[in-house]
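*Asks:*
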Amino acid sequence: MDNIWVLPLLFLIYFVVLVAYKRSKRQQLRKPPSPPGYPIIGNLHQLGVLPHQSLWTLSKKYGPVMLLNLGKVPMVILSSVETAKQALRDHDIHCCSRPTAAGLRELSYNNLDIAFSPFSEYWKDVRKLAVKELFSTKQVHSIKPIMDEQVKKLIDSVAESASQKIPININKTFLDLTKRVVCKAAFGVSFEGTGINSDGFNKLVREAFEMLGSFSAADFIPYVGWIIDQFTGLKGRRERSVRDLDAFYEYVIGLHKEEKKQGREDFVDLLLRLEKEGTFIGNDNLTRNHIKAILMNILLGGVETSAVTLTWAMTELARNPRVMKKVQSEIRNQMGNRSIISFDDTDKLTYLKMVIKETWRLHPPVPLLSPREAMSEFEINGYTIHAKTRLHVNIWAIGRDPDTWKDPEEFLPERFMDNSIDAKGLNFELLPFGSGRRICPAIFMGTTMVECGLANMLYNFDWKLPEGIMIEDIDMDESPGLSVSKKNELLLVPMKYLDH
């Protein structure tokens, strides 16, 4: 009679153990919190025109690790210093690949470039090439004469407007500077020799960044997404952008093949030489498409992002006269009486560097770091991140996090005084160039271009707002795209400081 209870007791124990195991398993595989979505499209409708802002708003409710389902694709958004550190440092090896998104695939020659290729032997070899050859300290210093020449042209042009007291378009002025430096340094030709007029070139670069920053329905909605892209015109815009970029690269490469260049070897010369020598990249020889993909990174990364930072810096300085006066005093006291401030001079300009850091904090050129894709399962803040999940780090949100920054909406360069935070990817409070294996290899080049360009404009000229415009009238609207530029023009009147 006593044995009659043995079997039920065993079943009860088995049931309790099974429930506990399943509960334990569920706890181990905790999904990040997620806003409710719709069938088929998921959370696509919640991205907004400026995704970094929409996602920041959502993260205030759902937390710094947030899961969105964009159609069939799971995407995790990280919006705090700690979660960024876990992804980009602790689990960098688990999520350093790139998704094969339609827009990236077309604009990066089927993922053949350094920024958007999946984690592979090819990517490792291209990165080594970039670090060793293209963006080395030696290579950056070799463009010093080019930078000095183009800065001199810029100063002369702005001085002419100053003599007539004519407002200048700051957005366009800095874009002209960076594109002239990059065209001469990387492509070995003056901008006028590229065969594209100034407005056409600006449009080419901006359109490419908008396409790279766009979310394609074809990536997220199976079978019918391409119809949506066709209907919205995104597919046609992307194809035109690819054709225009490709025509530009072919033109530049053709110029190098036609004439034997003397003196400094530019980036195109270097890549063509490596192609001729049969250099291996990954498991294949370096090809023309490899070269074009690398040139795309140089063109878009070098021109747009530097100009964006310079424009936002001048915008914040125009809105903060105290900071403008302080940084100009430092530059003028340190530099004495000279015509051009060069690369090496900016090492002495401590407050200028603080101004640039503060600009990067509030206005990172790429506010949502380019997407990563999880290669294997790992955890962030106890939440399980499954393989094939896309990850975005919202560094725009991190720069405005009140738990990280005091008075985060205020432009206060002094917050970096006696502060070890820099932009080299080891301090996760400030990540304008990213971090980990996917960090931008052109940190030194990008930083020196921004410091040099801004220092010269602040040293040579005083700046005032056009007649009838008040500080409160300066808008801070952003333009959509992979890089977030100032949407509307910033007009300022230059006044010559000294006649050198």
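Count along the sequence shown starting at 1, add 11, and that's the number in our numbering.
Where a beta carbon is used, it is the ideal one built from N, C-alpha and C, also for glycine.
Helix, strand or coil for W323, going by three-state DSSP, please let me know.
*Replies:* Correct three-state label for W323: helix.
*Asks:* If we count the other Cβ atoms within 10 Å of its Cβ and call it buried at 16 or more, is Y362 buried or exposed?
*Replies:* Y362 should be labelled buried.
*Asks:* Give the list of continuous alpha helix (DSSP H) stretches no shorter than 4 residues that lie fully inside the region 430-499.
*Replies:* Listed in chain order, they are 454-471.
*Asks:* Pop quiz: L402 and P378 are said to be a contact at Cβ under 8 Å. What is the actual Cβ separation, rounded to whole angstroms?
*Replies:* Between P378 and L402 the Cβ distance is about 15 Å, and since that is not below 8 Å, they are no contact.
*Asks:* Are three or more beta carbon pairs between the region 433-446 and the region 464-480 nearer than 8 Å?
*Replies:* Result no; under three Cβ-Cβ pairs closer than 8 Å.
*Asks:* Where do the ends of the beta strand (DSSP E) carrying M506 lie?
*Replies:* 502-507 is the span of the beta strand (DSSP E), which, as asked, contains M506.
*Asks:* Do R426 and E388 count as a contact pair if the criterion is CB distance below 8 Å?
*Replies:* No.
*Asks:* Using the three-state DSSP reduction, which class does R109 fall into: helix, strand or coil?
*Replies:* Residue state, collapsed to three classes: coil.
*Asks:* Just tell me which of I482, G53, K507 has its CA closest to the CA of L231.
*Replies:* Note on identity: in this sequence residue 231 is Phe, with Leu being the wrong assignment. Comparing Cα positions, the closest option is G53.
*Asks:* Give a yes or no on whether the C-beta atoms belonging to Y260 and K303 are separated by under 8 Å.
*Replies:* The answer is yes: Cβ separation under 8 Å.
*Asks:* Check each candidate in K268, E218, V235 and name the one with the smallest Cα separation from G247.
*Replies:* Ranking the options by Cα distance to G247, first place goes to E218.
*Asks:* Using a 10 Å radius around the Cβ and a threshold of 16 neighbouring Cβ atoms, would you call Y185 buried or exposed?
*Replies:* It is Phe, not Tyr, that sits at residue 185 in the sequence shown. So F185 counts as buried.
*Asks:* Would you identify the three-state DSSP class for R349, choosing helix, strand or coil?
*Replies:* Coil at R349, not helix or strand.
*Asks:* What is the rounded straight-line gap between the Cα of T459 and the Cα of R100?
*Replies:* Going from the Cα of T459 to the Cα of R100 covers about 26 Å.
*Asks:* In this structure, how does DSSP classify R401 when only helix, strand and coil are distinguished?
*Replies:* Three-state DSSP puts R401 in a strand.
*Asks:* Below 8 Å on the Cβ atoms is my guess for V200 versus L256; work out the distance and round it to an integer in Å.
*Replies:* Going by Cβ atoms, the distance from V200 to L256 rounds to 16 Å, so no, they are not a contact pair.
*Asks:* For G48, which residues of its own chain have a beta-carbon under 6 Å away from its beta-carbon, when the five flanking residues on both sides are left out?
*Replies:* For G48, where only same-chain residues beyond five positions count, the Cβ hits under 6 Å are N54, N80.
*Asks:* Quick check on this structure: which residue in H301, R411, V404, N182 has the alpha carbon closest to the alpha carbon of N499?
*Replies:* The option with the nearest alpha carbon to N499 is N182.
*Asks:* Where does E421 land, buried or exposed, given buried means 16+ other C-beta within 10 angstroms?
*Replies:* Counting Cβ neighbours within 10 Å, E421 comes out exposed, since fewer than 16 surround it.
*Asks:* Determine the closest residue to N213 out of V314, A95, D167, with distance taken between C-alpha atoms.
*Replies:* Cα-wise, what sits closest to N213 is V314.
*Asks:* Alpha helix (DSSP H) containing F242: first to last residue?
*Replies:* Segment 236-243, the alpha helix (DSSP H) holding F242.
*Asks:* In the DSSP assignment, the beta strand (DSSP E) including E390 goes from what residue to what residue?
*Replies:* Element bounds for E390: 389-391.
*Asks:* State the Cα-Cα distance for the pair N344 and A258, rounded to the nearest angstrom.
*Replies:* When rounded, the distance between both Cα atoms is 47 Å.
*Asks:* Between which residues of its own chain and Y394 is the CB-CB distance below 7 Å, once the five residues before and five after are set aside?
*Replies:* Answer for Y394: R41, K42, P43, V76, listed in chain order.
*Asks:* When we look at the beta-carbon of Y234 and count the other beta-carbons within 10 Å, is it buried (16 or more) or exposed?
*Replies:* With fewer than 16 Cβ atoms within 10 Å of its Cβ, Y234 is classed as exposed.
*Asks:* Quick one: what does DSSP say I342 is sitting in, helix, strand or coil?
*Replies:* If DSSP states are grouped into helix, strand and coil, I342 belongs with the helices.
*Asks:* Could you tell me which residues DSSP puts in a beta bridge with R383?
*Replies:* Answer by DSSP bridge pairing, in chain order: L402.
*Asks:* So what does DSSP say about N180, is it helix, strand or coil?
*Replies:* Strand.
*Asks:* Just mark L509 as buried or exposed, buried being the case when its beta carbon has 16 or more other beta carbons within 10 Å.
*Replies:* Per the 10 Å Cβ criterion, exposed.
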